[in-house]
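Protein chains in written order, with the numbering used here: chain A, 3 to 116; chain B, 7 to 118.
Here a beta-carbon is modelled for each residue, glycine too, at the ideal position from N, C-alpha and C.
Reviewing the structure listed below.
Take a look at the structure:
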């Protein structure tokens, strides 16, 4: 158990809908990272937050947005969902915003768009 | 998106054999991480490397940070059935970004 929690574990929805994925980092970690993993694909970095502030963006679609709250949990919002958005979404956390930091992953949310 | 070249893509080995996989990049990295992912689960951190030439072990796993800083290697000795899974490398560049780039993964299957 990495100490990172994600909810829900599974999510099934229809095209055009909007969903919110939630992540709670390890106790004491200030950084949260979101990744997308499509079938048989590697991890694609979406976005990074540190202590409530956006730090870096990857290949995140405009239909997707995220935020990190004062209690350090983070939410990833996916809107106008398309079939191709079906994937595993992981968040990871780390304790510092530094070069020697390592990331610990949550169990993921499996999103299925029908 | 940008990814590292990881090889081999997949491998079947006999139980008890040693396994080697590697990750290469066109960029210089200052950190390398190795993860293992079981089906439907999140990646689990195996080894973290922070210095060129560093050799670090975690049980039967040994990883090295390449001297050129553009590659890393993971070795598994005396493989067992529970080593089955996908192994990912991740690297972070020296440009000041805190973004990790992930390899495409090596799918390992162990034959008992």
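Checklist line | residue 109/A: contacting residues in chain B (beta-carbon distance under 9 Å) | finding: 46, 47 and 48
Note to self: In the DSSP assignment, the beta strand (DSSP E) including residue 56/A goes from what residue to what residue?
What the structure shows: 55-59
Next item on the list: Check each residue of the stretch 47-73 of chain A: if its Cβ is closer than 7 Å to any Cβ of chain B, include it; give the result in chain order.
Entry: 47, 50, 57, 58, 60 and 61
Item checked: Own chain residues within Cβ distance below 8 Å of residue 24/B, not counting five before or after -> 81, 82, 83, 84 and 85
Note to self: Extract the residue ranges of the beta strand (DSSP E) inside the stretch 83-107 of chain B, only unbroken runs of 3 or more that lie entirely within it.
What the structure shows: 91-99
Notebook entry, point to check: How long is the line joining the alpha carbons of residue 43/A and residue 109/B, rounded to whole angstroms?
Noted result: 10 Å
Notebook entry, point to check: DSSP on residue 77/B, reduced to helix/strand/coil?
Noted result: strand
Next item on the list: Could you say which of 37/A, 61/A, 113/A and 73/A lies nearest to residue 53/A if we only look at CA atoms?
Entry: 73/A
Next item on the list: Note down, in chain order, each residue of its chain lying with its Cβ closer than 7 Å to the Cβ of residue 107/A, except the 5 sequence neighbours on either side.
Entry: 4, 6, 92 and 94
Margin query: Strictly under 8 Å for the Cβ-Cβ distance: is residue 93/B near chain A by that measure?
Written below: no
Notebook entry, point to check: In chain A, which residues lie less than 8 Å from residue 129/B when you measure between Cβ atoms?
Noted result: A question about residue 129/B goes unanswered here, because the residues of chain B that appear run from 7 up to 118.
Margin query: Pull the bridge partners of residue 75/A from the DSSP assignment, please.
Written below: Looking at the DSSP assignment, residue 75/A forms no beta bridge with any residue, so it has no partner.
Item checked: N-terminal and C-terminal residue of the beta strand (DSSP E) that residue 54/B is part of -> 50-55
Checklist line | For residue 80/A and residue 57/A, believed in contact at Cβ under 8 Å, the rounded distance | finding: Residue 57/A to residue 80/A, Cβ: 20 Å. No contact.
Check: With respect to the beta strand (DSSP E) encompassing residue 81/A, which residues constitute its N-terminal and C-terminal limits?
Finding: From DSSP, residue 81/A is part of no beta strand (DSSP E); its letter is neither H nor E.
Next item on the list: State the Cα-Cα distance for the pair residue 94/B and residue 35/A, rounded to the nearest angstrom.
Entry: 17 Å
Margin query: Quick check on residue 87/A: buried or exposed, where buried means 16 or more other Cβ atoms within 10 Å of its Cβ?
Written below: buried
Item checked: CB contact flag (residue 97/B, residue 40/B, <8 Å) -> no
Check: Taking just the CA atoms, how far does residue 83/A sit from residue 115/A?
Finding: 7 Å
Check: Just checking my contact of residue 28/B with residue 78/B at CB under 8 Å: how many whole Å lie between their CB atoms?
Finding: 7 Å
Next item on the list: Could you tell me the distance, in whole angstroms, from the CA atom of residue 109/A to the CA atom of residue 44/B?
Entry: 10 Å
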